[in-house]
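For what it's worth, the numbering used here labels the leading residue of the sequence shown as -18, then goes sequentially.
We put the CB at the ideal spot given by N, CA and C, even for glycine.
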Amino acid sequence: MITAAIVGASGYAGAELIRLLLAHPQVRLGALTSRAEAGADVASVYPNFSGQGLRFVDPDAVDWAAHDVVFFATPHATAMYKVPEVLDAGCRVVDLSADFRLRDAQTFADWYGVEHAAPQLLAEAVYGLPELSDADFAGARLIACAGCYPTAVELAVAPALAAGLVDPQDIIADCKTGLSGAGRGSKVHLTLSEAGDSFSAYGSAGHRHQPEIAQELSRIAGAPAAVYFQPHLVPMIRGIHATVYLRPRQSGVDWQQLYADYYAGAPFVRVREPGAHPATRDVRASNSTHLALRERDGRLVVLSVIDNLVKGASGQAVQCLNRMYGWPEDTGVPAIGPLP
Ligand SMILES: NC(=O)c1ccc[n+]([C@@H]2O[C@H](COP(=O)([O-])OP(=O)(O)OC[C@H]3O[C@@H](n4cnc5c(N)ncnc54)[C@H](OP(=O)(O)O)[C@@H]3O)[C@@H](O)[C@H]2O)c1
């Protein structure tokens, strides 16, 4: 049994971590932080936790050394100031934010508009997308969980790219997310009357997940990868749908078999039947990614759906935790969600 703290437990990703870790047989919940809600019953913010006896504490009041692992579910440019201290206290860290995903401190500064506060840890951080990684999770002190869009896109592209069967310079990722992707903080453009019954693109000038996707696809390709990434906001609560357009380098490839073989043994990736149109509802509240493939008009098109708060954030974080501790990868992480 290990004890886990969650910094940023009052946010959407933090609340989803609480839900998953309460059901995890190897984890005891420790400090659950919120500055705004310090002292309050967690159920006063999230009534689904009624009766669990959980309270928020201020992050400055936490004794890190009393914990084995600390999850950071905080906005970007928050964990990077605190993680060195938490590691020095002997904890392991699973960060759900973008702070340790990019290998290059300058790229981080360029995209996030702030100098990295702990660049010495970037080389050590293990990128947390277990299906696409042979990194040493068991020996890791610091996991940088993949972003939500990057998870949906990278899982869609990896098998074809790793086999050298598509052009790494010709990748288009057309993506849609629900409103919970932006977190719990109130923002006018995310209210029902602004975002409901409407649909729009955003971030056309460049989205912060673009360099992360390019970094990881380049690693997988073993060559520079160029991705045109366009996100959209749709009026739903959870879910990401990515339609990824790839350019095959040869004809006659059995993509269905290639993808099925690549993800054989991966408990959370399903390559759906030919002709399928995976829906975000198919993976809601689960850690699964559903993929479907088509080849047409000179393109391989991959449809990919995830739940942004589970496979895109907290489920993936617990999957990474399981790898760190050598527990079965699906311990406490649901592969199947509810329908309807
Ligand atoms: N939402 C998603 O679908 C999703 C998916 C993948 C990754 N992520 C990433 O996960 C992280 C959390 O996202 P979220 O959607 O859960 O955000 P959120 O709902 O806005 O929650 C943010 C949490 O961080 C705390 N916090 C904010 N500033 C802090 C600071 N300076 N020090 C300590 N705690 C602080 C907040 O509580 P207090 O302000 O009360 O302390 C709150 O608990 C972000 O980095 C996000 O990019 C989110």
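*How close, in whole Å, do the beta carbons of Y93 and H57 come, if the pair is a contact with beta carbons under 8 Å?*
6 Å
*For the beta strand (DSSP E) that G190 lies in, which residues bound it at each end?*
Reading the sequence as shown, one finds His at residue 190 and not Gly. H190 -> not in any beta strand (DSSP E); alpha helix (DSSP H) instead, spanning 190 to 202.
*For R251, does the count of other Cβ atoms within 10 angstroms reach 16, so buried, or fall short, so exposed?*
buried
*What is the DSSP secondary structure of E276, counted as helix, strand or coil?*
Here E276 sits in strand by DSSP.
*asked:* Can you confirm whether the stretch 179 to 195 touches the stretch 205 to 213 when touching is taken to mean that 3 or more C-beta pairs between the two stretches lie within less than 8 Å?
replied: yes
*Please find out if some non-hydrogen atom of ligand 1 comes closer than 8 Å to the beta-carbon of E72.*
It should be noted that the sequence gives Cys, not Glu, for residue 72. No; taking the cut-off as 8 Å, the Cβ of C72 has no heavy atom of ligand 1 nearer than that.
*State the Cα-Cα distance for the pair Y306 and R9, rounded to the nearest angstrom.*
Rounded to the nearest angstrom, the two C-alpha atoms are 14 Å apart.
*Straight-line CA distance for V283 to H170?*
30 Å
*asked:* Quick check: does the Cβ of L123 come within less than 8 Å of any heavy atom belonging to ligand 1?
replied: no
_In whole angstroms, give me the CA-to-CA distance for R165 and G(-11)._
11 Å
*Using a Cβ-Cβ cut-off of 8 Å (strictly less than) and excluding sequence neighbours within five positions of R36, which residues of its own chain qualify?*
So the qualifying residues of the chain are L13, G20, A21, D22, V23.
*Could you say which of H258, N268, D242, Y243 lies nearest to F249 if we only look at CA atoms?*
N268
*asked:* On the DSSP bridge list, what partners appear for P211?
replied: The identity of residue 211 in the sequence shown is Gln, whereas the question assumes Pro. Q211 pairs with D155.
*asked:* Please report the straight-line C-alpha distance between A186 and S31, rounded to a whole angstrom.
replied: For the pair A186 and S31, the Cα-to-Cα distance works out to about 43 Å.
*asked:* So the candidates are L136, E96, A17; which of them puts its Cα closest to the Cα of D85?
replied: E96
*Which residue comes first and which comes last in the alpha helix (DSSP H) that contains F53?*
Run containing F53: none in the alpha helix (DSSP H); it sits in the beta strand (DSSP E), 50 to 53.
*Nearest to V75 by alpha carbon, out of F89, L110, T88?*
L110
*List the DSSP bridge partners of C72.*
DSSP output for C72 lists no bridge partner at all.
*Residues bridged to H271 by DSSP?*
R251, V286
*Is V(-12) near ligand 1, judged by its Cβ being under 8 Å from some heavy atom?*
Checking the Cβ of V(-12) against ligand 1 gives yes.
*Select from A79, D148, A104, L113 the residue whose C-alpha is nearest the C-alpha of C129.*
Looking at the Cα atoms, A79 is the closest of the given residues.
*The beta strand (DSSP E) spanning I125 covers which residue range?*
One detail in the question is off: residue 125 reads as Ala in this sequence, not Ile. Note, A125: beta strand (DSSP E), 123 to 126.
*Does ligand 1 have a heavy atom nearer than 8 Å to the CB of C156?*
no
*Work out the CA separation of T224 and P259 for me, nearest whole Å.*
11 Å
*Which partner residues does P229 have in the DSSP bridge list?*
Answer is V147.
*Would you tell me roughly how many angstroms separate the C-alpha atoms of A139 and S25, rounded to the nearest one?*
42 Å
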